[in-house]
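Data first, discussion second: the structure below is written as C-alpha cells.
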Amino acid sequence: MLGNFSYKNATKLYFGDDSLKFLNDELPKYGKTVQLIYGGGSIKKNGIYDEVIKILKDNGKTVVEDSGVMPNPTVDKLREGVKIARENKVDFLLAVGGGSCCDYAKAVSVSVHCDDDPWEKYFIRFEEPDCKIVPVGCVLTMAGTGSEMNGGSVITNHEAKLKIGHVFGEDVMPKFSVLNPKYTMSLPKRQMVAGIYDIFNHICEQYFSGEDDNVSDYLAEALMKSVIRNSLVAVENPEDYEARSNIMWAATWALNTLISRGKSTDWMVHMLGQAVGAYTDATHGMTLAAVSLPYYRYIMPYGINKFARFATEVWGISGDSKTNEQLAGEGLAALEDWMKKLGLSLNITELGATPDMIDGITEATIILDGGYKVLTANEVKEILKESL
Ligand code: NZQ
Ligand code: ZN
C-alpha cells in the first residue's frame, strides 16, 4: 500500500552526446557573474573545460573560477567557496564534475547569504535554508550519485571525523543538469565501477524495506537489472556508448526521489559507508561496497521475503522447490559474484580502515529506522568488524 506523498522534480535535464549546447538556453536566465566550480583538473585534460568556457564567454558571462573541489568535499573547501562567491557577488553556480562538485555547489548555494556557520547550521542542526539561495546548474562528468537531480549535499569534516549529508528542498536542486554520457568515458575504471555500485546501492537502500506491494519496488527491480546488464558491458568495453548512456540515466533515476515515493527506505549501508569515509576519505562507492555484504547478510532474516524476491526478480534465480531462506542466500551470493566481476573493494581494510578505528566509526554511524532491522550500536560494531 502506498503511503501519502507529494512528488515534484525541479531539475530540467538535457541528455545525450550533443547536450552541452543547451547551456546556451539556460545561461541567459541567470545573472552575469558565474562561479565555475570544478575538481582536480580532469575537465581540463578531457576538454570539457574549454567547451564550457567558450559557451560562458559566448553568453557574455564573467567567470569566477573555483577549482580544486576534492572527492568528498570538505567543510574547509566549502568555506573557501562561500568566500569566493561573496567577494565576487556571484549570480550563478555552475558545477562541472561529479557528485562532489554538484554537492559542493548546493552547499555553497545555501551558505553565501547566510550568517551562520554552514557546517553547524545544515550538517549538525539540519536546519533548512532561510536566506537567499544562489541558483545552481550542473554539467555532470561522472555517473553515480544522482546529485544532478536531487537536493543532496554531503560534506566531510575531517577535524570532527564526520561525513554528513543534508537533503535540501527543490529551491536548492540544480535548475538544470547536462548529462552527456561521452563525458564519463575518461573516468578511470575504479571510479566508473565505484559509481556503478553507488547507483546499485541507492536502489537497494530504497528497495530493502516494507512488506507491501508497491510500484516503487517494481521500478527498482527494472533499474537494478539495467545496471547489472550495462555494468558488465561497460567493464568489458568502457567505450560502449549504449552501456554508458544507460548507466548515466539509471543513476539519475536511482536517486531523484521517484522510487522512494510512498514507502519507507533503509539507507544504513550509506550511513556505515559515510562513517568509514569520514575516517578513511575513501571513494564513496567503494565504502558502500565494502560494508554491503556483511550488512545485508545480517539483516536478511528480518526481511527474508524481499531478499527472496531480490533473488528471483533481479538475478533471475529459479525459485523451484527452494525455501525463501535458500533463495535469499543465493540472491546475495549472486550480488557478491557481480561485485567481484566489477572489481569492487569488498572490505574496509583495503580502504585504509584499521581495527583501532572501529569504535570511532561505530560512533560516527548514524542509525536510521526505515529498514528491516533497527541496529543497535553493538550490531553496527559487529558489522564493521565483519567488514574489516
Ligand atoms: O576532481 P576531478 O579531477 O574532476 O576528478 C574526479 C574525482 O577524482 C574524477 N572524475 C569525475 N569525472 C571524471 C573524472 N575523471 C576523469 N574523467 C571524468 N569524466 O572522479 C573522482 C571522483 O569524483 P567525485 O565527484 O568525488 O565522485 P562522485 O560522483 O562519486 O561523488 C562523490 C560524492 O558525492 C556524495 C558522496 O558522499 C561523495 O562525497 N554523494 C552525494 C549524494 C547526493 N547528492 O545525493 C548521494 C551519494 O550517496 C553520495 O553520498
Ligand atoms: Zn551513494
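Going by the numbering used here, the first residue of the sequence shown is number 561, and it counts up by one from there.
Cβ atoms here follow ideal geometry from the backbone N, Cα and C, with glycine treated the same way.
Being a predicted model, the structure only gives us computed values, none of them experimental.
- Nearest C-alpha to A924 among S905, V940 and N710: V940.
- Proximity to E730 across S707, V738, R750 and K723 peaks at S707, based on C-alpha coordinates.
- Rounded to whole angstroms, the separation of the alpha carbons of G879 and Y682 is 47 Å.
- Annotated as distal: S820 and I807, with beta-carbon spacing of 8 Å or more.
- In the structure shown, F683 falls within a helical segment according to DSSP collapsed to helix, strand and coil.
- Counting only the Cα atoms, L815 lies some 6 Å from H762.
- For I644, there is no enclosing beta strand (DSSP E); the enclosing alpha helix (DSSP H) has its first and last residue at V635 to N648.
- G903 and A780 have their C-alpha atoms some 23 Å from each other.
- Remark: C-beta atoms of E625 and L596 approach each other more closely than 8 Å.
- As the crow flies, the alpha-carbon of I615 is around 7 Å from that of N584.
- Nearest Cα to S660 within the set P689, G770 and T843: T843.
- Taking S905 as the centre and dropping the five residues before and after it, the same chain places the C-beta of M846, A849, A850 and L911 closer than 7 Å to its C-beta, in chain order.
- Distances from the alpha-carbon of R685 to those of V727, P695 and A871 put V727 closest.
- A check of alpha carbon separations from P695 across S746, G876, A570 and A835 identifies A570 as the nearest.
- When the beta-carbon positions are compared, M784 and F760 come within less than 8 Å of each other.
- Between the ligand NZQ and the CB of M733, the shortest heavy atom gap is not smaller than 7 Å.
- Assignment of C698 by DSSP, reduced to helix, strand and coil, places it in the strand class.
- The beta-carbon distance between A703 and G755, rounded to whole angstroms, is 5 Å. This is short enough to meet the 8 Å contact definition.
- A655 is bridged by DSSP to I597 and C698.
- L700 counts as buried, since no fewer than 16 other beta carbons sit within 10 angstroms of its beta carbon.
- Taking 4 residues as the minimum length, the alpha helix (DSSP H) runs contained wholly in the region 727-781 are 749-767, in order along the chain.
- Here N797 is exposed, its C-beta having fewer than 16 other C-beta atoms within 10 Å.
- With respect to Y590, V629 sits apart: the two C-beta atoms are not nearer than 8 Å.
- Relative to the ligand NZQ, P798 has its C-beta separated by 7 Å or more from all heavy atoms.
- The three-state secondary structure of D626, taken from DSSP, is strand.
- Distances from the CA of E688 to each of A893, D919 and K666 were compared; the closest alpha carbon is that of K666.
- Assignment of T716 by DSSP, reduced to helix, strand and coil, places it in the strand class.
- Residues T716, K721, L722, K723 and A924 of the same chain have their beta carbon placed closer than 7 Å to that of A838, with the five preceding and five following residues left out of the count.
- A direct Cα-to-Cα measurement between F736 and D773 gives close to 33 Å.
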